[in-house]
Structure formats: C-alpha cells, structure tokens
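Residue numbers (the working numbering): -14 to 124.
(1) Are residue 129 and residue 11 touching if we call contact CB-CB under 9 angstroms?
(2) Alpha carbons only, please: which of 20, 43 and 4 is nearest the one belonging to residue 56?
(3) Got a sec, what are the start and stop residues for the beta strand (DSSP E) residue 48 sits in?
(4) Determine the direct distance from the alpha carbon of residue 34 to that of residue 42, and round the result to whole angstroms.
(5) By Cβ distance below 7 angstroms, which residues in the same chain neighbour residue 75 in space, the five residues on each side in sequence not counted?
(6) Answer yes or no: do residue 105 and residue 49 have a C-beta to C-beta separation smaller than 9 angstroms?
(7) Please report the straight-line C-alpha distance between residue 1 and residue -6, rounded to a whole angstrom.
(8) If you reduce the DSSP assignment to three classes, tell me which class residue 58 lands in.
What follows is the structure, given as structure tokens:
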C-alpha cells in the first residue's frame, strides 16, 4: 500500500482519485537507464507515468515528488508539473515551503535548504490553488 502525505491521503480516500508515487515509480523506471542518459529520459518518463497512472481520470494525486529535484535528472519540477497539468488536474504534495505576502498572495514555493544541491525557489509561481498545510488556509 502506498504511503501518502497526510492531507493528500484524506483527499484521495474521499474522492477515490488515482495516485502516483512519483519517487517509487520514476526510480523503478530509470534504474535500467544508464546514468548518462537519465537526464534525457526523465521528463518523458514522468509524462508517461502520469498518463498511465491517471488512466481515464481527469484528476491525479501525486506524492513523493522529491526525486524530481535530483540535480542528476536536470528537471525543472514546477514547470514540468505545470505543463502536465494543462491537460489533467494534478494534486501534488509539495515537499517544501510556501511564502505568502501580507495580502495573502503566494510569493514563492521552495524546496530544500539553500545550501542543498536540490534547492529550488520559484517566485511568483503560476499555480491554480495552493493549500499551505502549515497555515491550513486555501489560497
């Protein structure tokens, strides 16, 4: 059974959305690809995994996306997920921090500590909806 992030688990259980454990499935897919070719294959593999997991559903929940931040894969995780979401509603457990302005506007999404190789900071992220679990208010 897949381990889901807390709130994502509740949403999936209530709505019966299909779930993709990105970390598990992408690592299984890329393990047979030579390291020097993984960056070339990663984006397409993510798209294929999303398509397979979603099936006929218009909504897909994705958990454990930390693998997308691996520098060896040369991905831009937010851009990749945003692009995929043009044809499919994605509910993604974001493994990072949301920063809000005084007007309750999203100013940035980040992942990891700035000193870490996987650090990413997206200012003015173009997202439809964000639920900050630390603040528990829908945005």
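In this text, a Cβ means the ideal position worked out from N, Cα and C, and glycines have one as well. Note that the structure is a prediction, hence the values are computed from the model and not measured.
According to the data block:
(1) Here the chain has residues from -14 to 124 only, and residue 129 is not among them.
(2) In the chain shown, residue 56 corresponds to position 71, counting from 1. Comparing Cα-Cα distances from residue 56 to each of 20, 43 and 4, the minimum goes to 20.
(3) Residue 48 sits at position 63 when you count from the first residue of the chain shown. Looking at the DSSP string, the run of the beta strand (DSSP E) that includes residue 48 is 44 to 48.
(4) Residue 42 sits at position 57 when you count from the first residue of the chain shown. Residue 34 sits at position 49 when you count from the first residue of the chain shown. Taking the straight line from one Cα to the other gives about 14 angstroms.
(5) Residue numbering aside, residue 75 sits at position 90 when the chain shown is read from its first letter. Excluding residues up to 5 positions away in sequence, 45, 47, 66 and 69 lie with their Cβ nearer than 7 angstroms to the Cβ of residue 75 in the same chain.
(6) Taking the first residue of the chain shown as 1, we reach residue 105 at position 120. Taking the first residue of the chain shown as 1, we reach residue 49 at position 64. Between residue 105 and residue 49, the C-beta spacing is not below 9 angstroms.
(7) Looking up residue 1 in the chain shown gives position 16. Looking up residue -6 in the chain shown gives position 9. Approximately 10 angstroms between the Cα atoms of the pair.
(8) Here the question's residue 58 lines up with position 73 in the chain shown. Helix, per DSSP.
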